[in-house]
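Just so we're aligned, residue 2 is where the sequence shown starts under full-length UniProt numbering, counting upward by one. Just so you know, even glycine gets a beta-carbon here, dropped at the ideal spot from N, CA and C. The structure displayed is predicted, hence computed values, not measured ones. For reference, the structure is listed below as structure tokens.
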Amino acid sequence: PSQKIIIALDGFAACGKSTLAKSLAKKLNYIYVDTGAMYRAVTLYFLQEKISLEDEQAIAQALDNIRIDFRHRAGANHCFLNGEDVEEEIRKMHVSKWVSPVAAISAVRRFLVKQQQAMGRFKGLVMDGRDIGTVVFPEAELKLFMTASYEVRSQRRLAELQAKGLSASLAEVRENLMERDQIDSSREDSPLRKADDAITIDNSELSMNEQLDLALDLAQKAIEKKKCSVSATV
Ligand code: CDP
Ligand code: CDP
Numbered sequence: 002p003s004q005k006i007i008i009a010l011d012g013f014a015a016c017g018k019s020t021l022a023k024s025l026a027k028k029l030n031y032i033y034v035d036t037g038a039m040y041r042a043v044t045l046y047f048l049q050e051k052i053s054l055e056d057e058q059a060i061a062q063a064l065d066n067i068r069i070d071f072r073h074r075a076g077a078n079h080c081f082l083n084g085e086d087v088e089e090e091i092r093k094m095h096v097s098k099w100v101s102p103v104a105a106i107s108a109v110r111r112f113l114v115k116q117q118q119a120m121g122r123f124k125g126l127v128m129d130g131r132d133i134g135t136v137v138f139p140e141a142e143l144k145l146f147m148t149a150s151y152e153v154r155s156q157r158r159l160a161e162l163q164a165k166g167l168s169a170s171l172a173e174v175r176e177n178l179m180e181r182d183q184i185d186s187s188r189e190d191s192p193l194r195k196a197d198d199a200i201t202i203d204n205s206e207l208s209m210n211e212q213l214d215l216a217l218d219l220a221q222k223a224i225e226k227k228k229c230s231v232s233a234t235v
């Protein structure tokens, strides 16, 4: 049996999940999977093809035509939609505005959750999203639930968009984060919630190094525990 673990990282919008997941994966030599990018890629496809969110048949057909994968580009993980690099496009505001309604559709969730579970079959991965500890990997050895104040999150996300040369206002970003959290937390299928056994990290006042040290310590403990249980069974 594998001595590697699965780390599930869930939480609200723009609270630092992917930054932490990426650096954790690098330190542990694990795979990093950004499930938000997958929901964003499906949303981009629906927007491009003008799929009505009311039309179940069109949605099923569209999902049949969607292939999502991740590839390394210039030291970063890029999301590809049907062979095209959409990493930049999926972060734009028009996608952010539609992604939560799309992610509330059960057919979309079934389609992506199946792929996410397949990515974890050899363990050794850090996955971030909204339902990783509750639905995708309820058996994950380490579950973290991240949060931060809206002030801090909106400022951080705005800075991120500006650094990429994408335009948005602070009010627009803040509103989008609040609206997505609301839809994500109240949807019927796999709502965003903290798993009972998840550890909460509020990083409003933490630097990226501080949050990494904290999570790395928890990860190492979980890995040790796993090693002990593996050696006890062989
Ligand atoms: O990075 P940011 O916090 O802006 O969001 P994201 O992780 O890219 O996720 C975008 C949206 O995808 C979320 O607001 C959710 O609506 C949806 N999502 C989801 O429903 N389940 C996941 N496991 C991941 C994302
Ligand atoms: O994945 P998620 O949407 O939860 O958040 P993210 O994209 O990882 O983080 C949003 C921004 O917050 C990034 O630009 C990070 O560099 C920044 N951040 C920070 O300044 N301090 C932290 N402790 C965590 C994240």
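Closest Cα partner of residue i within the set the options
i      : options                           : result
Asn30  : Val114, Leu178 and Lys124         : Lys124
Gly166 : Ala42, Glu90 and Gly84            : Glu90
Val103 : Asn83, Ala75, Ala38 and Gln116    : Ala38
Leu82  : Asn66, His95 and Ala75            : Asn66
Cys16  : Ala169, Val174 and Tyr151         : Tyr151
Gln156 : Phe138, Pro139, Leu215 and Leu178 : Leu178
Ile105 : His79, Glu55, Gly76 and Asp70     : In the sequence as displayed, the identity of residue 105 is Ala instead of Ile. Considering only alpha carbons, the answer is Glu55.
Lys27  : Phe13, Asn78, Gln58 and Gly12     : Asn78
Lys98  : Ala164, Asp70 and Ala169          : Ala169
Phe146 : Arg72, Ser24 and Ala216           : Ala216
Arg188 : Lys51, Ser101 and Ala75           : Ser101
Gln173 : Asp214, Lys115, Lys93 and Ser208  : Rather than Gln, the amino acid found at residue 173 in this sequence is Glu. Looking at the Cα atoms, Lys93 is the closest of the given residues.
Met120 : Asp214, Ala75 and Phe71           : Phe71
Nearest-angstrom Cβ-Cβ length linking residue i and residue j, presumed shorter than 8 Å
i      : j      : result
Leu162 : Leu171 : So it is not a contact: roughly 10 Å between Cβ atoms.
Gly134 : Ala220 : That belief does not hold up - the Cβ atoms of Gly134 and Ala220 are roughly 14 Å apart, past 8 Å.
Ile8   : Val127 : 4 Å
Leu113 : Tyr40  : 7 Å
Ala149 : Asn204 : 5 Å
Val231 : Gln4   : 5 Å
Ala14  : Arg154 : 7 Å
Buried or exposed (CB count within 10 angstroms, at least 16 for buried), residue i
i      : result
Cys229 : exposed
Asn210 : exposed
Gln212 : buried
Val34  : buried
Gly84  : exposed
Arg110 : buried
Arg181 : buried
Ser19  : buried
Thr201 : exposed
Gln118 : exposed
Ala63  : buried
Beta carbon proximity, residue i to chain D, threshold 8 Å
i     : result
Arg41 : No chain D is present in this structure, which holds just one protein chain.
Same chain, Cβ closer than 6 Å to residue i, five either side skipped, listed in chain order
i      : result
Asp132 : Ser191
Ser186 : Pro192 and Leu193
Ala22  : Leu10, Tyr33, Val127 and Asp129
Own chain, CB closer than 8 Å to residue i, minus 5 neighbours either side, in chain order
i     : result
Ala61 : Ala108
His95 : Leu48
Residues near residue i by beta carbon distance below 7 Å, same chain, minus five either side
i     : result
Ile6  : Lys124, Glu142, Leu143, Ala223, Ile224 and Lys227
Ala42 : Ile69, Cys80, Leu82, Val87 and Ile91
So which residues touch the region around ligand 2, with touch meaning a C-beta under 5 Å from any heavy atom?
-> After applying the 5 Å Cβ criterion, the set is Ala15, Cys16, Gly17, Lys18, Ser19, Thr20, Arg157, Glu161, Asn204, Leu207, Met209 and Gln212.
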